[in-house]
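S.K.: I'd like to ask you about the structure that follows.
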Amino acid sequence: MQPSGAVYMAPKACQALDLAVHPSREVWGQHHFSSQGEKDSKLEAVGDKIVGTMQLSGEWRAPMIWGTLIWLSLLLGLSGCRFDTSGPQLQLTDGGASDRTHVFWDAANEHLQFFDSRVDADGLSSDVGDGDAKANDAKANDGDVGDGGDGGAVNDMTSDTTPALDQSLLVNVGRLVFAEDGLLPKLRRWDSAGLSWLAGPVSPNAALDLRWVQTQLHDDGEVLLLKGFDPDGEERTEVWQLTGGSWAEVSALRQEPSNDDLWQIRDMALGREEESGDLLLVVGAQAKAPRFATFSNGQWSSLERLPAAVSDGDVVWWVELVARPRSDELMLLYSDKADDLFALRWDGQAWEESSHMKLTNDLNRNEDTDVVSTRAFDGAYEGDSGDLFVAFGRNGGKELGFHSAIWSGGAWKLRPLEGVYGGHTYFVDLEADPRPGSDNIAAVFVDLGGGSERLAVGTWDGESWVGLKEYDSQIYDYDDDAHGDFPSAVGWADGTAVCVYGDEGGTLKWLSWTQSSSDWTPPSELPVLNMGKLESVLMHSQVSPQSGVVTLLSDDSQRLFGVFFDGEQWQRTGVPALTSQLPSNNTLPFDLDLR
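Written out as structure tokens, the structure reads:
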């Protein structure tokens, strides 16, 4: 077990440190001072204290006890410092130093590594401009400007001369990827401590007019799943991988041009096994059963068919992967052109054929296109029990409300129709409470057609629904035109569930729920400066260092906005917009991954 040995900028001796610590018996760390020579340091346990001498550079090793208060006295030549901990977070301060060094836990190699906050997770400056006119022009042109509450202007630097930080150190950070009309995909880093958007790495040279994008951080870097049109006008799905600061296309997984008009359909998904950190890729591949590939130990497997026993559907249409917390299990949910909805469990090593289930053969179709044009299903794992809850809308001409199913104890249990509102469920979003010990799942169900578009919200507590009812009888009039949009979303902020959607006049609305409530709060306005009619919303719950919901909003003027909800109030995170050049189509051309 050895540290990786990469060298990065570091502050002066004994400045403020934030450490993220893993519950292992030993923690390794490495700290380099660029202006000093390296010297070894050692810390030793003496009773309930850890004492020793730490030179200006070197590596240290210290046994740690999870959740126990430990005081460390360090002699750093010029002054003394002290560690203290009460749980997973440690801090070393020198009484008011302004520079901060972040430390990230590498679960694969079991070590900690330090780097200066002035260098972001891709080795790019996040708060210091380089004076280059080209960078400044790019910043002005794409609308990526900040204010005092946004951490300053975003510098869209694209130099790869700065060494990239080992991506295995990505903890409590996030990555945003979004398409810009006629341009390469853009990337931004989410600073979960400062609640701001910072510069991202170089964009991959993907020559696609993008319609759908997905991103997944992992222990060796980042993977992008891109779908759009190539220069010849053919639909194509491509996989790009960031390793060591450079992008490369994973050519073995590149898809052949589509023979069907599937650009409005998201027939692809990326998932991450939470324990191993390995990735699972599933793509429709214009076939009657999805293809899949795995990423493990730095290598991609070949693209293979699902087991023959599950190939009983039509051409794959929508694909979703749901990860079980603290496990390598993922559940694959996918629909096909014949309106079937299937489920299949991945146990971390292989597909469990006995889990294969057709949940419905009548998934809700759009009345205008006569196909399943939005994601009419979703799934989420209960955090305590580990059971999977799936909800879906059946054909709107027949049933008002939604159906659901539970995967528990190795078997499926179908639940009866929930006649919750006077509408047909065209879109579903589920999000589990990320707090350990909670089985709560927030849910939103949206009617998108027929002139009376409605919205219902509720909380599943592991046994039954709480506060489930219609909260708006006329949201924005989509009139069956939400092909591929994600018109609402739910998330969690320290036990508070929140939902965002657009109302009849195009105003952004939100409502919330807490454990002590029988109902959700009445909808109220969420003002976002200069935002037009909401097209799509995406939410990701952030647990630390500040609990809240990172929310991305796109409007009908091709703009992408960012806001943050801390459980009580909202805060803008992108001013005036993260971009004003989203592709003008009904898809979700942006994605966010948090770790």
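Reading the sequence shown from the start, the letters are residues 33 to 627 in this note's numbering.
Ideal Cβ positions, reconstructed from N, Cα and C, are used throughout, including at glycine.
Where do the N-terminal and C-terminal ends of the beta strand (DSSP E) with Q246 fall, by residue?
M.R.: From DSSP, the beta strand (DSSP E) with Q246 extends over 241-250.
S.K.: With burial defined as no fewer than 16 other Cβ atoms inside 10 Å of the residue's Cβ, what is the status of P554: buried or exposed?
M.R.: Burial call: exposed.
S.K.: State buried or exposed for L487, treating a residue as buried only when at least 16 other CB atoms are found within 10 Å of its CB.
M.R.: Per the 10 Å Cβ criterion, buried.
S.K.: Please return the same chain residues whose Cβ sits closer than 6 Å to the Cβ of L335, not counting the five positions on each side in sequence.
M.R.: Contacts found: L285, R323, A325.
S.K.: Whole angstroms are fine: how far does the CA of R268 sit from the CA of V530?
M.R.: Cα-Cα distance, rounded: 35 Å.
S.K.: Nearest-angstrom Cα distance between D360 and R377?
M.R.: In a straight line, the C-alpha of D360 is about 11 Å away from that of R377.
S.K.: Quick one: what's got a C-beta closer than 6 Å to S568's C-beta in the same chain, skipping five residues either side?
M.R.: D517, F518, S586, L620, listed in sequence order.
S.K.: Ignoring anything shorter than 3 residues or poking outside the stretch 562-627, list the beta strand (DSSP E) runs there in chain order.
M.R.: Within the stretch 562-627, the complete beta strand (DSSP E) runs of at least 3 residues are 566-574, 580-587, 592-597, 602-604, 622-626.
S.K.: Please list the terminal residues of the continuous beta strand (DSSP E) segment that includes D394.
M.R.: Here D394 belongs to no beta strand (DSSP E), and DSSP marks it neither H nor E.
S.K.: For the pair the stretch 368-382 and the stretch 472-491, tell me if three or more CB-CB distances fall below 8 Å.
M.R.: Because the criterion of three Cβ pairs below 8 Å is not met, the stretch 368-382 and the stretch 472-491 do not touch.
S.K.: Going by other Cβ atoms of all chains shown within 10 Å of its Cβ, with 16 needed for buried, is L362 buried or exposed?
M.R.: By the 10 Å Cβ count, L362 comes out buried.
S.K.: Counting C-beta neighbours from all protein chains within 10 Å, is the total for S544 16 or more, i.e. buried, or is it exposed?
M.R.: That one is buried.
S.K.: Evaluate the contact criterion for the stretch 271-286 versus the stretch 254-262: three or more CB pairs, one atom per stretch, below 8 Å.
M.R.: Contact between the stretch 271-286 and the stretch 254-262 is present, because at least three Cβ pairs lie under 8 Å.
S.K.: Run the CB neighbour count on A321, radius 10 Å, all protein chains shown included, and call it buried at 16 or more, exposed below.
M.R.: Under this definition A321 is a buried residue.
S.K.: Quick one: using the 10 Å Cβ neighbour count with 16 as the cut-off for buried, is R358 buried or exposed?
M.R.: With fewer than 16 Cβ atoms within 10 Å of its Cβ, R358 is classed as exposed.
S.K.: Around the C-beta of D465, are 16 or more other C-beta atoms found within 10 angstroms, so that it is buried, or is it exposed?
M.R.: Buried, since its Cβ has 16 or more Cβ neighbours within 10 Å.
S.K.: Would you say L628 and Q248 are within 8 Å of each other, going by their C-beta atoms?
M.R.: This structure cannot settle anything about residue 628, because the visible part of the chain is limited to 33 through 627.
S.K.: Which of the three DSSP states, helix, strand or coil, is assigned to V282?
M.R.: Of the three classes helix, strand and coil, the one that applies to V282 here is coil, per DSSP.
S.K.: How many angstroms separate the CA atom of A238 from the CA atom of L258?
M.R.: Their backbone Cα atoms lie some 9 Å apart in a straight line.
S.K.: How is the beta strand (DSSP E) around F374 delimited, first residue to last?
M.R.: Counting along the chain, the beta strand (DSSP E) containing F374 begins and ends at 373-378.
S.K.: Hey, quick one: how far does the beta strand (DSSP E) through T491 stretch, first residue to last?
M.R.: From DSSP, the beta strand (DSSP E) with T491 extends over 487-492.
S.K.: Would L344 be called buried (16 or more neighbouring beta carbons within 10 Å of its own) or exposed?
M.R.: Just to set this straight, residue 344 is Asp in the shown sequence, not Leu. Label assigned to D344: exposed.
S.K.: Are D535 and N398 touching if we call contact CB-CB under 8 Å?
M.R.: Their beta carbons are not under 8 Å apart, which means D535 does not touch N398 by this criterion.
S.K.: Which value, in whole angstroms, describes the spacing of the CA atoms of L313 and S484?
M.R.: Going from the Cα of L313 to the Cα of S484 covers about 38 Å.
S.K.: Which complete beta strand (DSSP E) runs does the stretch 295-326 hold, if anything under 3 residues is left out?
M.R.: Qualifying beta strand (DSSP E) stretches, in chain order: 300-304, 311-315.
S.K.: Would you mind working out which of K541, F424, E463 sits nearest D394, comparing C-alpha positions?
M.R.: That would be F424, whose Cα lies nearest to the Cα of D394.
S.K.: Is Y453 near the ligand GTP, judged by its Cβ being under 7 Å from some heavy atom?
M.R.: In the structure on display, the ligand GTP does not appear, and there are no ligands present to speak of.
S.K.: Going by DSSP, what residues sit across from F421 in a beta bridge?
M.R.: In the DSSP output, where bridge partners are listed per residue, F421 has A412, I438.
S.K.: Kindly indicate the opening and closing residues of the beta strand (DSSP E) around Y458.
M.R.: Taken as a continuous stretch (DSSP letters only), Y458 belongs to no beta strand (DSSP E), as it is neither H nor E.
S.K.: Cβ atoms of L208 and F596: under 8 Å apart, would you say?
M.R.: Their beta carbons are not under 8 Å apart, which means F596 does not touch L208 by this criterion.
S.K.: I'd like to confirm the pairing. Which residues does DSSP put opposite W552 in its beta bridges?
M.R.: Paired residue(s): none; W552 is not in a bridge.
S.K.: Does DSSP classify L124 as helix, strand or coil?
M.R.: With a pLDDT of only 32 at L124, under the threshold of 50, the placement of this residue in the model should not be trusted, and no figure is reported.
S.K.: Beta carbon of Y458, beta carbon of T401: below 8 Å?
M.R.: No; because the gap between Cβ atoms is not below 8 Å, this pair is not in contact.
S.K.: Using DSSP's beta-bridge definition, name the partner residues of L274.
M.R.: According to DSSP, which records beta bridges pairwise, L274 is partnered with E254, W279.
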